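Take 5 as the starting number for the sequence shown in our numbering and just add one per residue. To start, the structure itself, in structure tokens.
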Amino acid sequence: MSYVLSDGREDMLDVSLRRDEKRKFSLTSQKYAFKMAIGRKWPLEEPEKFYRVSDISMARFQNAGFLADFALATESMLESLSYLGPLRNHPQRTYQWSGDTPSSVGQTGEYAVAAILAAQSEGRQLNRGPRRAKQGFAEFIAAWLKDLGVIHDFSVRPVAKGRKEYEVLVKTHAKAPEVKITDVGFGVSQVLPALVQAFYCPPHSTVWMEQPEIHLHPQVQAELADVFISATQARENGKERHVQLIVESHSEHFLNRLQRRVAEGTIAPHDVAVYFCRRAGGATELEPLRLNVFGEIENWPDNFFGDEMADIAGRTLAAMQRKRELSEQGGMQ
């Protein structure tokens, strides 16, 4: 178990609780000298809940009490973490909302519509950055759906006055009739929870999403990178939100757009971290990829997105061979 305290430029403090080959734990630091308590040198205990140095282990030292603050900070961070899974709920013809405020859209997006209604009732207003127009929450989400190209218009309305049932109505293009979300493509209902969660989560929180690009065509997958960049830069009621997103994606289009925005200066490379997940035996290893100011990844893993050049060359040769065969067949007739 390790902790590092950094100001973004350099590490100011590091602490590690490690177990050696004899299964004994030791507490070490490169920048801080721990002083053992007077008396018998009792062994240290294993970490509690994988992130906390136990009170008994801290008591073995004269100056280790501050480590409890690291555990509290970790717990605060975990409490601010929300998760959206890869498979979202199917759209419904009506949604129930009694006026409550959900903490998130839920692991399958089941509270996405309730979150929109709650944010709207609370008067939350967002804009995409400095000197950009403010919009109410529902209007803000609708604008992003339109920019993604999945719909032309979007609204959430009660089925009747005084009812607690709501319907999501969309128009696929300007002249199309307004229909329920259940009557349009599946992709709209799948991307909606991802959009809502990215902007609904509280400031200074972390959102973890798995495969938000599912059921979206390549262009929308690319545009989704712009949505998430905006989520980290958006302002709410005039204040920066400072939201962090962790996105697990299999989309080359998503990554290409992210690289392009780094090259264009829309987002700085130090605000982006890219990792390649590799299976190693029975475990998964994370390999950091170096992203420079030109949007280039300097240490591409082998066959990261398959052998693209081999596929292009093979397709070209096969096409040439097929054309030759067709030409020869035409000459024999």
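Note that the Cβ used here is the ideal one computed from N, Cα and C, for glycine as well. Note that the coordinates shown come from a computational prediction; the quantities given were computed from them, not determined experimentally.
Selection from the options that minimises the alpha carbon distance to residue i
{"i": "PHE158", "options": "TRP148, GLY166, ALA164 and ARG167", "result": "TRP148"}
{"i": "ALA146", "options": "TRP101, GLN111, VAL231 and GLN66", "result": "VAL231"}
{"i": "VAL276", "options": "TYR55, GLN66 and LEU293", "result": "LEU293"}
{"i": "GLY340", "options": "ASP15, ILE250 and MET213", "result": "The requested residue 340 does not occur in the structure, where the chain is confined to residues 5 to 337."}
{"i": "PHE253", "options": "GLN237, ILE218 and ILE120", "result": "Residue identity differs from the one stated: residue 253 is Ser in this sequence, not Phe. It is ILE218."}
{"i": "ARG161", "options": "GLY334, MET5 and ILE120", "result": "ILE120"}
{"i": "GLY133", "options": "LEU21, PRO273, ASN241 and ALA77", "result": "ASN241"}
{"i": "PRO90", "options": "PHE308, GLN194 and MET324", "result": "GLN194"}
{"i": "GLY103", "options": "GLU126, LYS179 and ASP315", "result": "GLU126"}
{"i": "VAL297", "options": "MET62, PHE54, ARG319 and HIS274", "result": "HIS274"}
{"i": "ALA118", "options": "ARG56, PHE141 and GLU289", "result": "PHE141"}
{"i": "PRO206", "options": "ALA229, ARG239, PHE190 and ALA180", "result": "ARG239"}
{"i": "MET62", "options": "LYS53, ARG328, ALA72 and TYR55", "result": "ALA72"}
{"i": "GLN111", "options": "GLY269, ARG56 and GLN215", "result": "GLN215"}
Test item: CB-CB of residue i and residue j under 8 angstroms
{"i": "PHE38", "j": "ALA68", "result": "yes"}
{"i": "GLN248", "j": "THR186", "result": "no"}
{"i": "VAL8", "j": "ASP18", "result": "yes"}
{"i": "TYR170", "j": "THR98", "result": "yes"}
{"i": "MET5", "j": "PRO51", "result": "yes"}
{"i": "GLN124", "j": "LYS138", "result": "no"}
{"i": "VAL183", "j": "VAL192", "result": "no"}
{"i": "VAL278", "j": "ILE301", "result": "yes"}
{"i": "ALA122", "j": "THR105", "result": "yes"}
{"i": "THR270", "j": "ILE233", "result": "yes"}
Same chain, Cβ closer than 7 angstroms to residue i, neighbours up to 5 away in sequence not counted
{"i": "GLY299", "result": "GLN263, ARG264, VAL266 and ALA267"}
{"i": "ARG64", "result": "MET40, ALA41, TRP46 and LEU48"}
{"i": "HIS177", "result": "HIS156"}
{"i": "GLN2", "result": "With the chain represented from 5 up to 337, any question about residue 2 goes unanswered, as that position is not in the structure."}
6 angstroms CB neighbourhood of residue i in its chain, flanking five on each side removed
{"i": "LEU196", "result": "ALA116"}
{"i": "PHE74", "result": "TYR7"}
{"i": "THR32", "result": "SER20"}
{"i": "SER15", "result": "Going by the sequence as given, residue 15 is Asp instead of Ser. Here the set comprises VAL8."}
{"i": "GLN66", "result": "LYS39 and ALA41"}
{"i": "HIS94", "result": "none"}
Beta-carbon proximity list for residue i, same chain, < 8 angstroms, skipping 5 on both sides
{"i": "PRO47", "result": "LYS28 and PHE29"}
{"i": "PRO305", "result": "PHE280, ARG282, GLU291 and LEU293"}
{"i": "GLU227", "result": "ASP151, LEU152, GLY153 and ARG261"}
{"i": "THR288", "result": "CYS281 and ARG282"}
{"i": "SER10", "result": "MET16"}
Reduced DSSP secondary structure (H/G/I, E/B, other) of residue i
{"i": "GLN124", "result": "helix"}
{"i": "TRP101", "result": "coil"}
{"i": "MET5", "result": "coil"}
{"i": "SER159", "result": "strand"}
{"i": "ALA229", "result": "helix"}
{"i": "PRO134", "result": "coil"}
{"i": "GLN139", "result": "strand"}
{"i": "TYR115", "result": "coil"}
{"i": "ALA178", "result": "coil"}
{"i": "TYR204", "result": "helix"}
{"i": "ILE60", "result": "helix"}
{"i": "ARG264", "result": "helix"}
{"i": "VAL2", "result": "Beyond the ends of the chain as shown, which are 5 and 337, falls residue 2; an answer cannot be given."}
{"i": "ALA272", "result": "coil"}
Within-8 angstroms CB hit, residue i to chain D
{"i": "SER209", "result": "Chain labels in this structure do not include chain D; a single protein chain is all it has."}
Notebook entry, point to check: So, do the segment 80 to 91 and the segment 198 to 215 have three or more beta carbon pairs nearer to each other than 8 angstroms?
Noted result: yes
Margin query: Could you check whether the segment 250 to 268 touches the segment 222 to 233, counting it as contact only if at least three pairs of C-beta atoms, one from each stretch, sit closer than 8 angstroms?
Written below: yes
Check: Should the segment 238 to 247 be called in touch with the segment 164 to 176, which here means at least 3 C-beta pairs below 8 angstroms?
Finding: no
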